[in-house]
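This report concerns only the one structure given below.
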Amino acid sequence: MLGLQTIFPATDFKLLLVIVLLPLIGAIVNGVFGRRLGKEAVTLMALFAVGVSFLASVVAFAMLAGAQTDGGRAVRFVWRGWEWFEIAGRDGLSRLPIEMALSVDALSGTMALIVTGVGFLIHLYSTKYMETDPGYHRFFAYLNLFIFSMLVLILGDNLPVLFVGWEGVGLCSYLLIGFWYDDDKNASAGKKAFITNRVGDFGLLVAMGLLVYYAGALDWTSLDTARQNLLQPVKLWPVGTHVPVAEVLPEAAREWVNTPRYVSAATLVGLALFLGCAGKSAQIPLYVWLPDAMAGPTPVSALIHAATMVTAGVYLVARMAGVFVLSPAAMFTVAIVGAATALFAATIALVQNDIKKVLAYSTVSQLGYMFLGVGVGAFVAGFFHVLTHAFFKACLFLGAGSVIHAMHARIHDTDASQDMRNMGGLKSFMPITFATFAVSWAAIVAVPFASGFFSKDEILCKAFTSSVALPVEGGALGAGPARIELFQWPSWGPGVLYAMGVTAAVLTAFYMTRLVIGTFLGEFRGWNIVEGWKPAHSAAHGHEAAHPVEPSELETHASAGSPVADPHAADDHHHHEPYVPGEPIDGPRPHESPWQMTLPLVVLGALALFAGFLNAHPLHITPLEHWLAPVFSAAEANVAVREDAQALMWPLMVPGILALVGGGGVAVWMYLMKGGAPAVELAERFPRLYRLVFDKWRIDELYDETVIGAIDALAEFGVAFDKYVVDGIVSRFTSFVVAASGTVLRQFQTGRLQAYACVMVIGLGGIGWYLLLPHANATVAADAARGSYELKASPGFGYSYRWDSNGDGTWDAESFGQQQTLNVDLEVEEKRTVRLQVKNALGRVATEDFVIERPKPDRSRVAGPPTRIRIEHGPDGQVRGVPDGAQGGQRQLFPSPGRPPAPAPGGQEAAQ
Amino acid sequence: MTAGNVFFALCAIVSLVGALVTVVARNPIRGAVGLLSTIVGMAGLFLMLKAQFLAAIQLIVYAGAVVVLFVFVIMLLGPDAGAVSGQPPKARFSRVVGVLAAIAASAFGLLLLAETSAAVRLPQTRPDHGSVEAVGGLIFRKGLFLFELATVLLIVAVIGAIAVARGGRPARRATPTKDEGRRLFAGPLHPRDAGRPLGKEGV
Amino acid sequence: MEPLGYVIEHYVALSGVLFTIGAVGFLARSNVLVQLMSIELMLNAVNLMLVAYNRVHGDVMSGQMFAFFIIAVAAAEAAVGLAIVLSFYRLKSTVNSDAADNLRH
């Protein structure tokens, strides 16, 4: 350990680089050279990258454990890279440097273990699952890239680095959901995920901006102290000093409109952060991408949409716990939205038939639980649920993948091979899968002593007994108009949250039991099992041995949820044997999956079963809480717990167990005993309600109509504007102007001589008119300084001139002469009117008046030395400038080089 | 009422009437005669203005050559020379505007003229004013270069007239029908078409 | 009335009227031959004006020299113009100047 501590000191913890960069290297190698390297090399590279990253995480974890002392401060190992960029602080002068830095502490260390550990297992699983996919190397490149991004997210030392990872996992999610991009459905699902994430990311960016502005810090260490600055009021309304429109409103309304409204900065930050979490972790209203994301390969669903990426939101809340607890309003929002999502998603999962969709909505629901946990201040409980959920949900998804893999032996249609109605009775064919699936079922429905029991139960218990309150005098922040009444945790809060959680637990038990029954128990409904069944047409074709399997066929064929295991299955594509539901078909015996797929299942199943004991509150075995305590100690100061919390612990567990029994029991009765008949009856009795729930409450359609409809309308407007206004003006109007002027001017191009001559005559007439008439013009050359003005008359044919130079109305000379220039001298400020009369050869006369004026001289620019200012240090220590008019110009303000500055009596030279 | 007045009035009237006839007559021969009348009247006016040499030149060149040329061409064209009526002239508008503009311009000029103060009688001239020696001396001294240029111009005009009027295809009937008119213009329109037949007749 | 023909203004007026008649004739008539004759009229009018002014300012004969050259050029121009009329007639078999509209758009 000591050796490790020398190699990796706590302030320059380069082990983090190993953890983070190995998957990146794996991604680059697999992505760039993967096709050339071949499948085995790609497998080795990918597994090696993640595996060694996992081992390094273990080492880091151990080092952390070794360094953490009991009750001491939270240990954090940091690696500082370089300065990424700088932001100006609030006052415009200070600068906040943003560094590229990684750090690990108890929370991120645990999370890194989960990510790399579960990630490794899923990589192993994928080596078999994606074996026949032509994009094998691309898949592992993306998967490694995802692990890299997730690790950057977790191990980032400040919010910008976290944001880099945040965006990176969003990108990888998009790439992996749309992995089989030939099918438009998959590409659309990827786009939906990315865009919905982006909406949330906006919230995260706003939060970062607010933090820079109000707290002046973005990294975890500084935020611990700087977060107190967030308790300041922010004026939300009105923007500016008053609302101009309010002038026209009646008195009362105007008062209401013009009243300034304030919130605390912490609330704004919390809500903005939660918007980001809602996007990433699929809460209301941004959960819509997660069910569609099931279009990706099942390992992707397991890793990204069950275990790791979607928990990034919970991780963020836990990370920023210190900021969140400063705002009870934000915390309550988190809790309520989490509980609502848990309930809402569970209702949708009740009636879904696609096993992956059931698991997807189950994920959304469980994420709601996690947010419920961290929202009431139970950070450890929420994070614990992240841990257990990672295990059992990944196991469930991988098990589903195993089942789909088996179904694909006969049914290749995506939706049909995942439909529960085609399954059943797989228990006898896939025992390992069933066993691990059942164990995970036990965990998720909270069977006592399974891991989910402890985590979910603790959340529910804490929801009932905890509340968040700021220890501030008078329950208000700020003073005067900016006084903010602090949000008081409502008294109905704990009860309602608990009730919602329990209801969701009932529904969870129901649909999960329904899932297990439908998939594994009962009779197999997929096809008639014929021993030794081969694809029917292989004998007819007779050349299957030499039939090469085209990769293109495989690729288009593998647009379903699992690849084709049977090389002859490609022939189905030619044979056009579509699966028609309802028609009985023959098929082989469903087979268990190979060890690369079942081993991860077993490991995850075991973890799902036993990981609960990491934080088994009722049994008082809580190493996890102990481990994470230093991280959350500051935050938990604001979390108030009821005095009788300890006593209520056992009674609060009862509704949870009742939920399990009730929900599970109803499902067993309905499906196992009555074969699903009551469900069908219910659906027929309330067909519209059933349809509504089955269509996911038509939220997607609602979004399409409102949000997307609005954007579409804006786009339509833009198109119309572009087409009619911009194009209309720029291209059509200008061309119209050109064409119109051309049409007009073309009338002159008659080709006839006489028309041209006519135009000439008109022109000649004009010229003749101008020439025949006299025009009296003169230019004035002015010399204002001396007051002499010279008027020069313009010449012309046979012109003779007559002047009136003194403006008295009489001509200087009676006869017209040839004098063209006239000189006039003016006094200051004198104005005179000079007249000119011109006669041309025809004897016609024209007259013109000229007014010349000599202006006042311009004394604005003073010729003289500028006034001097003397700097004095007053008795009170102030510095002021005193005009130095009395003394002459000997003293200089800025001493010239080589000359010592002259001393000033009682003052000092200016320094600047 | 001296002889000069009468002579002036006579020549002026002859010129004006001739001009009017030129412009108004349908028959171009009548127009040519009117032109002749104008020229003769002008020659008389030149004599009034003591420009005897010019009067002689006017009669020799204008009346003796230009008008004869006009008459020859009218004769060549035959009856078609005057056959322009039948359809109303195109571009009535521009014609009307042009005519009105011309009349307005000259009326304006004449009005200006009328507003001048009392006219001054023509001054005395030197004895050889307008004589052959005077004009010729000026031409061959100051205007020698111009004279040579005028010679060149005349030669060029002769060559040009021959070139333009020749047309390239001799001995064609003087009264072709309308669609034969196009083929009358035998000869290639452009040197590049030389050697290629133009229509059915060829070149 | 001043002595007719002994004042420059009469000649100027007559010249103007003749010029106007020539201009109007050119613009109003569509027969090419008449147009050419109108041009000759205009040239004659100008000649008259030149010679008249030369009578007034008689120290140098430049006015008459100018008129001499105008007569020469007018002759040349009439020759070439008539040649063009013949060509035109051959092309369009009419002497209506409205037919000469190949430059029309």
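Protein chains in written order, with this note's numbering: chain A, 1132 to 2043; chain B, -7 to 195; chain C, 5 to 109. Note that the Cβ used here is the ideal one computed from N, Cα and C, for glycine as well.
Residue(s) in a DSSP beta bridge with residue i
i: A/Phe1208; result: A/Val1235
i: A/Thr1964; result: A/Val1982
i: A/Glu1214; result: A/Glu1230
i: A/Tyr1821; result: DSSP lists no partner for A/Tyr1821.
i: A/Ala1219; result: A/Arg1226
i: A/Trp1934; result: A/Leu1967
i: A/Pro1364; result: A/Ser1395
i: A/Tyr1260; result: For A/Tyr1260, which the question treats as bridged, DSSP gives no partner whatsoever.
i: A/Tyr1920; result: A/Ala1913, A/Val1955
Cα-Cα separation between residue i and residue j, rounded to whole angstroms
i: A/Asn1937; j: A/Gly1894; result: 40 Å
i: A/Trp1934; j: C/Gly62; result: 33 Å
i: A/Gly1134; j: A/Leu1354; result: 32 Å
i: A/Glu1382; j: A/Val1388; result: 10 Å
i: A/Val1599; j: A/Gly1508; result: 7 Å
i: C/Arg33; j: C/Gln39; result: 7 Å
i: A/Ala1477; j: A/Ile1575; result: 13 Å
i: A/Gly1296; j: A/Tyr1446; result: 13 Å
i: C/Ala79; j: B/Val13; result: 21 Å
i: A/Asp1955; j: C/Ala49; result: What sits at residue 1955 of chain A in the sequence shown is Val, not Asp. Going by the C-alpha atoms only, they are around 48 Å apart.
i: B/Lys42; j: B/Phe85; result: 44 Å
i: A/Met1242; j: A/Asp1314; result: 34 Å
i: B/Ala106; j: B/Ile52; result: 35 Å
i: B/Val127; j: A/Thr1964; result: 52 Å
i: A/Ala1776; j: A/Gly1301; result: 40 Å
Short CB-CB distance (under 9 Å) between residue i and chain B
i: A/Val1892; result: yes
i: C/Leu2; result: Since the first and last residues shown for chain C are 5 and 109, residue 2 of chain C lies out of range.
i: A/Leu1967; result: no
i: C/Leu22; result: yes
i: A/Trp1900; result: yes
Contacts around residue i, its chain only, beta-carbon distance under 6 Å, and the 5 residues preceding and following it disregarded
i: A/Phe1651; result: Leu1557, Lys1558, Phe1565
i: A/Gly1350; result: The question names Gly, but residue 1350 of chain A in the sequence shown is Asp. If we look at A/Asp1350 and ignore the five residues flanking it on each side, its Cβ neighbours are Asp1288, Asn1289.
i: A/Ala1141; result: Phe1208
i: C/Ser42; result: Gly26, Gly29, Phe30
i: A/Ala1172; result: none
is_contact[residue i, chain C] using C-beta, thresh 9 Å
i: B/Glu172; result: Because B/Glu172 carries a pLDDT of 49, less than 50, the predicted location of this residue cannot be relied on, and the following value inherits that uncertainty. Closer than 9 Å: yes.
i: A/Thr1941; result: no
i: B/Pro71; result: no
i: B/Leu176; result: Below a pLDDT of 50, predicted positions are generally treated as unreliable, and B/Leu176, at 48, falls in that range; the measurement from the model is reported next regardless. Interface residue, yes.
Proximal residues to residue i (C-beta, below 8 Å), its chain only, five neighbours per side dropped
i: C/Lys96; result: Ala103, Ala104
i: C/Val99; result: Asn35, Val36, Leu37, Val89, Phe92, Tyr93
Burial state of residue i, where buried means 16 or more other Cβ atoms lie within 10 Å
i: A/Leu1282; result: buried
i: A/Ala1461; result: buried
i: C/Glu44; result: buried
i: A/Gln1136; result: exposed
i: A/Ala1512; result: buried
i: A/Tyr1901; result: exposed
Same chain only: Cβ atoms within 7 Å of residue i, ignoring 5 sequence neighbours per side
i: A/Gln1880; result: none
i: A/Val1578; result: Phe1584, Leu1791
i: B/Gln50; result: Ile31, Met34, Ala35, Phe38
i: C/Leu54; result: Gly67, Phe70, Ala71
Interface residues of chain D facing residue i [CB-CB closer than 7 Å]
i: A/Ala1888; result: Within the model displayed, chain D is absent; protein chains A, B and C are what it includes.
Proximity test, Cβ basis, 9 Å: residue i and chain A
i: B/Gly84; result: Going by the sequence as given, residue 84 of chain B is Arg instead of Gly. False, the Cβ-Cβ gap to chain A never drops below 9 Å.
i: B/Val195; result: In this prediction, B/Val195 scores a pLDDT of 34, lower than 50, which makes its location untrustworthy; the coordinate-derived value is nonetheless stated afterwards. With 9 Å as the cut-off, B/Val195 does not count as an interface residue toward chain A.
i: C/Ala87; result: no
i: C/Asp102; result: yes
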